[in-house]
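Report on the structure given below.
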Amino acid sequence: MRRALVLIAALGLFVLVSSPPAQTQPPPSLVYHAYDFTGTTNIAGFGVWEFRSLKDDLFALAEQYPEIVRVVSLGQSHEGREIWAVKLSDDVSTEDPAEPETLFIGGQHAREWIGVEVPFLIAQHLAQNYAADERVKRLIDNLEIWIVPMVNPDGHEYTRSDPCPTAPQQLCRLWRKNRRDLGNGIFGVDLNRNWGFQWDARAGGSRNPQSLTYRGPEPFSEPEIQAIRDLVLAPQRQFKAFIDYHSYSQIVGWPWGYSFEPPIPLSEDKRFDPPSDSVEYARIGETMAKLIYSVYGQTYRACQISLECPYPAAGVSTDWFYSETGGISFVIELRPQGSEPGFVLPPEQIRPTFEENLPAALYLLEQALPELIVRDSPRDDGSVPSGEIGFSPDIRVDGAPLGIVNTTEEPFGENDHENAIANAVNRVYVTVHNRGLTDVPNAVVELYWRDNSQLDLSAWPEGWQPIDDDGDPLTAPTFRHFVSIPANGSATVTFLWVPPVATPDAMLLVRVRHLQDPIRLLRDPALRFEPDRYDNNIASRRVQVFSTTLGTTK
Ligand SMILES: [Zn+2]
């Protein structure tokens, strides 16, 4: 609010003391997008702007590149405008369940016009360079890339109204919210305070309908973002990376916005003290900021949203995407840095802003390429769900040597799997494969076990316990390792397991996760935020645990 008022005051002064806007404003731009309009508008105090129809430009792209571009309406706004999405993929008209989805959105806030242009120009760049650029081709061939440049078409139309139906004119150009009619001449919900995760948190939007950050009557009350929600939660899809483009202040922000707590996926059980994704977010976010800087020397600050990037905010898209997917989720605040010119970025800066953001966008898309797999059975090819679980060849027990005298290890072959011995140190080898095209540093690999005769195999985390490396209940178990797994390669990690009692029907369970390939959650509303036991990052294997006096290890 404060920024907007400063801007209005500054621009008012500018108009009063300067020559007529038509001479002092930059020449009209051919890239500013209206929802469905082509023409020129003279916005008092802002000069002459040329608009293009976003709808026409998206459909033209699809017509020119029909194999890789498809335009889809995700739903309608309050005033009945379509929310247009463009999908880029090889064989674009089919849904390939093996290809992860990515999503860029823009224009949630009406006045942030550059937030529409950058995702649109990224879509255009991807389509135009598919044939000639190997890097772009690899992304389109291996991902399903969704781009929604204008989430708030009603608000966008309002910001370029000529004449503005309300006075003064500046309030149209600087409109932020959508155009929900709240009665009594009050309009608009702040779409980026209306997302359904922690909507009600202390850092949430205002309860006052007249506020710039009015959060709406309930989470996801607004059709514009319901459309995005339904795209992301469609059952056949697994979205793994997200950017929400805004302006201004030049920031690369990641979850959480609602809290100062570090980001931990909701798939994780707090009892097991799960590591946060802060380190991986910082690595990816800071790389993006460096890539942006490398183009024109513009500094974008990279940090957690609530920690000055730019400030605590709840009910925001970035938190929601991460909460639902566990995947990479960013907000980028584009140019300019400060309140001059603030939301009204001169058109000659549109293309440079796109150009400096392109390498970061391509890099982020590449981070969605890893595919971590622990097989459920020898026949498991990684598709979900696999046919059978409990027979993972990637979990192999090297049983403790029998007896006190003979402590010599017997040979243990590549495919061996032995019974375990209670109250002795057994080795468990876990192999994780990366079928993807990008390395994964520091994947979290965890090993759990339980007595299998008692509980439902598919349940998690009910009944499972972390394996303990020394059997001493007073020391923390080492059931978790951080492992780097190269693209198109695999890595094997060794756990030490001391089962406390003989267990004829035990089960070992491996969970692997990383920000770049999270464990997906069940979508059933009754099972909110339960991890999907059939995700290919989870595998299990039966094992018999004998007491030292019973049986043999082979
Ligand atoms: Zn914004």
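Residue numbers (this note's numbering): -12 to 541. Yeah, the Cβ is synthetic: ideal placement off N, Cα and C, and Gly gets one too.
For residue 480, the enclosing beta strand (DSSP E) begins and ends at 476 to 484. Placement of the Cβ of residue 179 at a distance of less than 7 Å from at least one heavy atom of ligand 1 is found.
For residue 233, the CB falls within less than 7 Å of some heavy atom of ligand 1. The closest heavy atom of ligand 1 lies 7 Å or more from the beta carbon of residue 143. At a cut-off of 4 residues, the continuous stretches assigned as alpha helix (DSSP H) that sit fully inside the region 320 to 363 are 337 to 353.
Secondary-structure assignment with DSSP links residue 104 through no beta bridge to anything. Counting C-beta pairs with one atom in each stretch, the region 519 to 532 and the region 273 to 288 have fewer than three that are closer than 8 Å, which means they do not touch. If you draw a 10 Å sphere on the C-beta of residue 258, you find fewer than 16 other C-beta atoms in it, and that means exposed. In this structure, ligand 1 has no non-hydrogen atom nearer than 7 Å to the beta-carbon of residue 209.
A direct Cα-Cα distance of roughly 29 Å separates residue 454 from residue 475. By the criterion of a C-beta distance shorter than 6 Å, residue 319 is surrounded in its chain by 230, 232, 239, once the five residues flanking it on both sides are discounted. DSSP, reduced to helix, strand and coil, places residue 270 within a helical segment of the structure shown.
Counting only residues of its own chain and dropping the five nearest sequence neighbours on each side, residue 452 has a CB closer than 8 Å to the CB of 435, 436, 437. The C-beta distance from residue 132 to residue 321 rounds to 19 Å, too long to meet the 8 Å contact threshold. Counting of Cβ neighbours within 10 angstroms places residue 367 among the buried residues, the total reaching 16 or more. Residue ranges of uninterrupted alpha helix (DSSP H) with 4 or more members, entirely inside the region 236 to 314 and ordered along the chain, are 265 to 283, 304 to 312.
Just measuring C-alpha positions, the residue of 282, 283, 288, 256 sitting nearest residue 271 is 288. In this structure, residue 146 sits away from residue 214, with a CB-CB distance that is not shorter than 8 Å. Setting aside the 5 residues that flank it on each side, residue 352 is surrounded in the same chain by 89, 126, 130, 132, 228, each with a C-beta closer than 7 Å to its C-beta; the list follows chain order.
Relative to the non-hydrogen atoms of ligand 1, the Cβ of residue 99 comes within a distance shorter than 7 Å of at least one. Per DSSP, residue 490 is one residue of the beta strand (DSSP E) stretching across 490 to 500.
A straight-line Cα-Cα distance of about 43 Å links residue 246 and residue 365. Residue 531 is positioned such that its CB atom lies no closer than 8 Å to that of residue 473. One thing to note: residue 427 has its Cβ no nearer than 8 Å to the Cβ of residue 497.
Across the structure, residue 121 and residue 143 are spaced so that their CA atoms are roughly 35 Å apart. Out of 292, 33, 221, 37, the CA that lies nearest to the CA of residue 243 is found in 292. Around the beta carbon of residue 298, fewer than 16 other beta carbons sit within 10 angstroms, so the residue counts as exposed.
In chain order, 23, 25 place their CB closer than 8 Å to the CB of residue 43, counting only its own chain and leaving out the 5 sequence neighbours on each side. Between residue 47 and residue 57 a beta carbon distance of about 13 Å is seen, past the 8 Å cut, so the two are scored as non-contacting.
Going by beta carbons, residue 65 and residue 165 fall inside the 8 Å limit.
Note on residue 400: under 16 other CB atoms within 10 angstroms of its CB, so exposed under the neighbour-count rule. Annotation for residue 115 indicates a beta carbon at 7 Å or more from all heavy atoms of ligand 1. Bridge pairing for residue 416: 383, 481 [DSSP]. Not a single heavy atom of ligand 1 lies less than 7 Å from the C-beta of residue 237. Checking the DSSP bridge columns, you'll see residue 34 partnered with 30. By the neighbour-count criterion, in which 16 or more other beta carbons inside 10 Å mark a residue as buried, residue 507 falls on the buried side.
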